[in-house]
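Using the working numbering, read the sequence shown as starting at 46 and increasing by one per residue. For each residue, glycine too, the CB sits at the ideal point set by N, CA and C.
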Amino acid sequence: DLNFVDELIADVARLEQKLNRTPDNNRFEGNRTTRTYNLLAHGEIWQKIPVQPQVLELIEGVLGEQCLVSSLASISLAPGETAQVIHADDQVQPLEKPHIATVCNSMWALTDFTEENGATRVVPGSHRWQNPDYFGDQSDIESIPAEMSKGSVLIWHGSTWHGGGANTTKDEVRIGVAMNYCAGFIRQQENQHLGIPSEIVATFSPELRQLCGFGMYRGLTGNIEKHSPAHLLYGDPIETQLWDYDPIDHD
């Protein structure tokens with residue numbers, strides 16, 4: 046729905062102005078790219094992104110059910126921005142590679158993504174590499190631009206090497222939304238519990254609260270005295286605690 050995409054673009058602009066967002070200045074974030082983080086705290090429209098059925102179905106196919114929102118941010122990449130350092134979104138995890146997916150991310154194109162305006166560059170097959178050196182020479186790494194039209198969504202395994210491209214245009218700002226997920230047993234990149242005011246979480250659907258980590262993972266992890274935070278705080282349906290699936294029969 047391109048009308049919905051236009052609404053997202055308008056809200057990105059609103060938030061950048063309201064929050065006085067300006068480019069950062071480091072090798073990872075660049076110095077001509079404006080990011081707005083923690084979008085679920087800043088507008089009801091963003092509640093629709095994590096639960097989009099077609100995208101979420103694919104994400105769950107990679108991470109399994111009960112995955113979590115890891116982070117949600119807008120990225121406005123302006124003319125003159127250089128290519129981002131190639132990286133993997135799970136590289137901070139101290140795990141031997143390759144490994145099962147613990148992270149699976151998506152990029153929503155709010156504008157056309159072209160090689161010239163800085164389309165995300167990916168290294169196909171890199172999620173299968175054996176313990177790659179993320180901090181070594183990257184000059185021989187071959188990446189391809191994920192060119193896509195406005196309204197498209199790119200999804201990749203969290204071990205896949207990628208990075209924002211260089212924006213060599215004179216007047217095109219490439220706007221995208223990074224909707225990132227992680228497995229239910231992995232710590233989220235953004236702290237959803239403290240970063241989103243409780244009165245805003247109360248407006249979420251039960252499904253979104255589960256995705257933000259207010260439920261229990263497999264009936265155990267994240268419980269409060271055998272109950273889910275979503276039930277205790279927001280009245281969501283009771284979740285059966287894992288151990289209670291195996292009661293003792295006294296007959």
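With 16 other CB atoms within 10 Å as the buried threshold, where does Gln99 fall? exposed
Which value, in whole angstroms, describes the spacing of the CA atoms of Gly240 and Asp296? 49 angstroms
So the alpha helix (DSSP H) Asn83 belongs to, where does it begin and stop? No alpha helix (DSSP H) contains Asn83, which DSSP labels as neither H nor E.
Our contact map puts Val107 next to Ala146 with C-beta atoms below 8 angstroms; I'd like the distance itself, whole angstroms only. 5 angstroms
Find the nearest neighbour of Gly264 within the set Cys257, Thr248, Thr285 and Thr67, judged by alpha-carbon distance. Thr285
Using beta-carbon positions only, say whether Ser115 and Asn225 come within less than 8 angstroms of one another. yes
Measure the C-alpha to C-alpha separation of Gly11 and Gly221 and round it to an integer number of angstroms. Residue 11 falls outside the range modelled here, since the chain spans only 46 to 296, and no answer is possible.
At which residues does the alpha helix (DSSP H) containing His276 begin and terminate? Pro274 to Tyr279
With DSSP as the reference, identify every bridge partner of Asn301, one or two as the case may be. The requested residue 301 does not occur in the structure, where the chain is confined to residues 46 to 296.
Can you say whether Tyr290 is buried or exposed, counting buried as having 16 or more other CB atoms within 10 angstroms of its CB? exposed
So, helix, strand or coil for Trp288, using DSSP? helix
Could you check the C-alpha separation between Arg66 and Ala123 for me, to the nearest Å? 13 angstroms
Going by beta carbon distance, what residues of the same chain come within less than 8 angstroms of Gly260, once the five residues before and after it are set aside? Gln111, Arg254, Gly267, Ser273, Pro274, Ala275, Asp281 and Glu284
From Ser243, Gly75, Ile94 and Asp294, residue whose alpha carbon lies closest to that of Leu84: Ile94
Opposite Val114 in the DSSP bridges: which residues? Tyr226
With DSSP as the reference, please indicate the residues paired to His238 in a beta bridge. Bridge partners of His238: none, in fact.
Per DSSP, cross-strand counterpart(s) of Tyr179: The partner list for Tyr179 (beta bridge, DSSP) is empty, contrary to what the question assumes.
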